[in-house]
Amino acid sequence: MNFSTRPDEVGSEAIAKIAAAFTAEPHLLPITADTIAKSLCEGLAVAAMETGGPIGFTRLIPLVGNMFELGSTWVREDRRGHFVNHRMYEWFLPLHTDKNILATTTNPKSLSVGKDMGFILVPRKMLPVDIWRATCVCPANKTGSSDNAACALAWGEPQRRSSGCCWVRVTPETAARMK
585 MNFSTRPDEV GSEAIAKIAA AFTAEPHLLP ITADTIAKSL CEGLAVAAME
635 TGGPIGFTRL IPLVGNMFEL GSTWVREDRR GHFVNHRMYE WFLPLHTDKN
685 ILATTTNPKS LSVGKDMGFI LVPRKMLPVD IWRATCVCPA NKTGSSDNAA
735 CALAWGEPQR RSSGCCWVRV TPETAARMK
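In this text, residue positions in the sequence shown follow the working numbering: the first is 585, and each later residue adds one.
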């Protein structure tokens, strides 16, 4: 497995495969090939590659100021459970320790990966309002509201650990700057 943050190394065919994979995954927000290429060009994304094509992808999404969301993470189905996500984060996140990075998820497996990586669980209400509003992009059928200020998933975390709630985690470097 190798990693690249350069669209010319990843290639347009692999970028198209990644975009198609996001569209096919019901729990991921769709992302276009152009957006993937732009994130790679800006050094804000990494693709995990093996012979035969892409096996993983993640990116940082600019929010407000120096705050970024670690989002749009995908691992090819046959490679899940093989620590691809861990290895992408281990390779990619040290390139961005100067940034304030948070990650949101409703996926318990992703929560576990973040814990393994030293991410710190924080209540959403601890974040500035403009930050948590920028991270809240789930559709109304998932949140129970068309107004993200009324999102039942966001306001139940992290006190409620039931399936489907929204967890917010930050990198250790971000947590240190939040104090």
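Yeah, the Cβ is synthetic: ideal placement off N, Cα and C, and Gly gets one too.
Proximity to residue i [Cα-Cα], best of the options
i: Ala621; options: Ile599, Thr635, Met762; result: Ile599
i: Arg590; options: Arg761, Leu624, Phe641; result: Leu624
i: Asn684; options: Pro638, Ile704, Trp658; result: Ile704
i: Val697; options: Pro712, Val594, Gly665; result: Gly665
i: Asp662; options: Thr758, Gly640, Trp675; result: Gly640
i: Ala687; options: Pro614, Pro610, Val752, Thr607; result: Val752
i: Ser694; options: Thr619, Leu628, Val668; result: Val668
i: Ala603; options: His680, Val659, Asp682; result: Val659
i: Thr681; options: Lys601, Ala760, Asp592; result: Ala760
i: Gly627; options: Glu593, Lys699, Val754; result: Glu593
Chain C contact for residue i (CB, 8 Å cutoff)
i: Arg590; result: No chain C is part of this structure, which consists of one protein chain only.
Inter-residue spacing [alpha-carbon to alpha-carbon] between residue i and residue j
i: Met633; j: Leu654; result: 19 Å
i: Asn650; j: Leu612; result: 24 Å
i: Phe587; j: Ala605; result: 18 Å
i: Gly702; j: Glu597; result: 34 Å
i: Asp714; j: Arg708; result: 11 Å
i: Thr657; j: Gly595; result: 18 Å
i: Pro614; j: Lys763; result: 34 Å
i: Pro712; j: Thr635; result: 43 Å
i: Glu741; j: Ala608; result: A caution first: Glu741 carries a pLDDT of 48, below 50, which makes its placement in the model unreliable, though a value can still be read off. The alpha-carbon atoms of Glu741 and Ala608 are separated by roughly 28 Å.
i: Pro756; j: Pro610; result: 30 Å
i: Lys601; j: Glu674; result: 23 Å
i: Phe541; j: Ile645; result: Any property of residue 541 remains undetermined from this structure, which presents the chain solely from 585 to 763.
Per DSSP, cross-strand counterpart(s) of residue i
i: Arg753; result: Ala687, Leu705
i: Gly640; result: Ala632, Val659
i: Met651; result: Asn684
i: Asn586; result: Met633
Cβ distance (whole Å) where residue i is taken to contact residue j below 8 Å
i: Arg643; j: Met585; result: So it is not a contact: roughly 18 Å between Cβ atoms.
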